[in-house]
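Working notes, beginning with the structure itself.
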Amino acid sequence: MTIKDRISDKFKELFPGTGAFYMSAGRINLIGEHTDYNGGFVFPGAIDKGIWVEMKPNGGKNVRVYALDLGEYAEFGMNEEDIPAQSWARYVFGVCREIIKRGYDFGGFDAVFAGDVPLGAGLSSSAALESAFAFGIDDMYSLGIPKFDLALVGQATEHNYCGVNCGIMDQFASIFGKSGNLMRLDCMTLEYEYYPFSPEGYRLVLLDSVVKHELVGSPYNKRRESCERVAARLGRRFLRGASMEQLDAIRHEVSEEDYKRAKYVIGEEKRVLAVCDALKCGDYETVGRMMYETHRGMRDDYEVSCEELDCLNDLAAECGVTGSRIMGGGFGGCTINLVRDELYDDFTGRAVAAFAARYGHAPKIYDVVISDGARRLD
Numbered sequence: 002m003t004i005k006d007r008i009s010d011k012f013k014e015l016f017p018g019t020g021a022f023y024m025s026a027g028r029i030n031l032i033g034e035h036t037d038y039n040g041g042f043v044f045p046g047a048i049d050k051g052i053w054v055e056m057k058p059n060g061g062k063n064v065r066v067y068a069l070d071l072g073e074y075a076e077f078g079m080n081e082e083d084i085p086a087q088s089w090a091r092y093v094f095g096v097c098r099e100i101i102k103r104g105y106d107f108g109g110f111d112a113v114f115a116g117d118v119p120l121g122a123g124l125s126s127s128a129a130l131e132s133a134f135a136f137g138i139d140d141m142y143s144l145g146i147p148k149f150d151l152a153l154v155g156q157a158t159e160h161n162y163c164g165v166n167c168g169i170m171d172q173f174a175s176i177f178g179k180s181g182n183l184m185r186l187d188c189m190t191l192e193y194e195y196y197p198f199s200p201e202g203y204r205l206v207l208l209d210s211v212v213k214h215e216l217v218g219s220p221y222n223k224r225r226e227s228c229e230r231v232a233a234r235l236g237r238r239f240l241r242g243a244s245m246e247q248l249d250a251i252r253h254e255v256s257e258e259d260y261k262r263a264k265y266v267i268g269e270e271k272r273v274l275a276v277c278d279a280l281k282c283g284d285y286e287t288v289g290r291m292m293y294e295t296h297r298g299m300r301d302d303y304e305v306s307c308e309e310l311d312c313l314n315d316l317a318a319e320c321g322v323t324g325s326r327i328m329g330g331g332f333g334g335c336t337i338n339l340v341r342d343e344l345y346d347d348f349t350g351r352a353v354a355a356f357a358a359r360y361g362h363a364p365k366i367y368d369v370v371i372s373d374g375a376r377r378l379d
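One rule links them: number in our numbering = place in the sequence shown (from 1) + 1.
This is the structure:
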């Protein structure tokens with residue numbers, strides 16, 4: 002039974018009539034890691050895994066929603082004091098509140114949702130959930146909300162109702178995703194451009210280490226502070242646009258740790274732009290080399306890798322995989338791999354066996370295809 006069928010059956014059981022179906026995608030980021038808060042570029046794409054929701058106005062003022070994968074029901078009004086207790090329901094409530102805050106008026110609705118985007122794998126299941134409901138409410142009530150505002154609704158939901166001070170990339174990718182294309186998003190200006198990504202003869206494969214190391218303190222904030230200190234010393238707001246020559250000129254004025262953090266970020270900006278040029282001419286070998294360079298930079302200069310991720314990256318190189326790197330903030334999670342079709346079986350088989358022998362559990366494998374973002378399903 003498909004996800005859509007399961008949702009439909011539950012909706013009929015719980016609510017009168019039938020609703021409209023909406024879907025929004027999880028995302029990958031091909032390259033451009035830890036660049037968002039440095040005013041740089043990210044390079045995400047929506048994938049063929051996400052959140053499905055069936056929705057229908059109910060004529061009242063309350064939202065009635067069922068999380069099929071969790072087997073939980075929530076009902077709440079849309080005033081600030083009506084915030085639900087369940088953490089998952091706060092995402093739906095937050096989307097409603099953020100749309101209302103922007104001056105739009107709509108009524109209550111019934112909904113059932115489920116998904117196949119893996120939780121905890123760094124594919125942004127929360128952004129997919131927010132985007133599916135934001136898109137669905139807009140379409141269901143013909144509100145005419147601009148697409149970028151739908152992404153901002155999801156981001157503000159994270160900030161104001163879920164306690165996560167995220168950037169805009171995840172929601173942007175979930176809303177603006179386009180089949181066969183990645184998107185270069187300028188995190189300083191929020192301008193974006195589509196780049197073709199239909200690598201015939203290759204597959205995009207995620208290897209999930211199924212580990213997440215808990216570190217003392219706030220390693221992400223510390224790295225951001227390093228970048229901000231170097232940018233200030235260079236007389237800049239962000240590291241975006243700085244050169245290695247400029248960084249080397251002040252090397253004796255900053256700590257070795259701050260120097261290494263800035264070195265990674267400056268190099269990553271160049272790698273993103275190199276990938277843009279390579280994709281325009283279908284040069285996936287260059288894309289792969291840049292991915293390996295990003296992993297080395299995150300391992301050696303930004304120091305956000307871990308033993309398990311380095312192991313997966315080394316296995317990819319040993320198997321002749323075209324490109325491989327950490328995807329996400331680091332300290333656990335996934336590697337993203339650009340794999341030639343003829344190497345896929347050998348690579349995944351060897352990776353599972355070697356990783357399991359070393360760490361006592363196998364990595365999870367997810368094949369992903371670049372797909373459309375939020376949409377109504379016929």
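Ideal Cβ placement from N, Cα and C applies to all residues, glycine included. In this text, all values refer to a predicted model and were calculated from it rather than measured experimentally.
When C-beta atoms of the segment 18-27 are compared with those of the segment 315-324, fewer than three pairs fall below 8 angstroms, so the two segments do not count as touching. Closest in C-alpha terms to F44, from the list M328, P364, F239, K5, comes M328. The DSSP-derived three-state label of R377 is strand. Using a Cβ distance threshold of 8 angstroms, R377 and D140 count as a contacting pair. M79 sits in coil when the DSSP states are folded into three classes, being neither helix nor strand. Counting every other CB atom within 10 Å of its CB across the protein chains shown gives E194 a total below 16, marking it as exposed. Your pair S132 and G155 checks out as a contact, with CB atoms roughly 5 angstroms apart and the cut at 8 angstroms. Between C335 and D187, the C-beta gap is not smaller than 8 angstroms, which leaves the two residues out of contact.
The secondary-structure analysis by DSSP pairs L183 across a beta bridge with Y196. For E201, no beta strand (DSSP E) run applies, since DSSP gives it neither H nor E. Around the beta carbon of A357, a 10 Å sphere encloses fewer than 16 other beta carbons of the protein chains shown; the residue is thus reported as exposed. Note: K57 is bridge-paired with D111 in the DSSP secondary-structure output. Here L69 has R7, I8, K11, V113, F114, A115 as same chain residues with Cβ atoms under 8 angstroms from its own Cβ, once five neighbours each way along the sequence are excluded.
Fewer than three pairs of CB atoms, one per stretch, sit closer than 8 angstroms, so the segment 247-256 makes no contact with the segment 277-285. The Cβ atoms of D49 and V340 do not sit closer than 8 angstroms to each other.
Scanning its chain for C-beta atoms nearer than 7 angstroms, with the 5 sequence neighbours on each side dropped, one finds around Y105 the residues L144, I146, in chain order.
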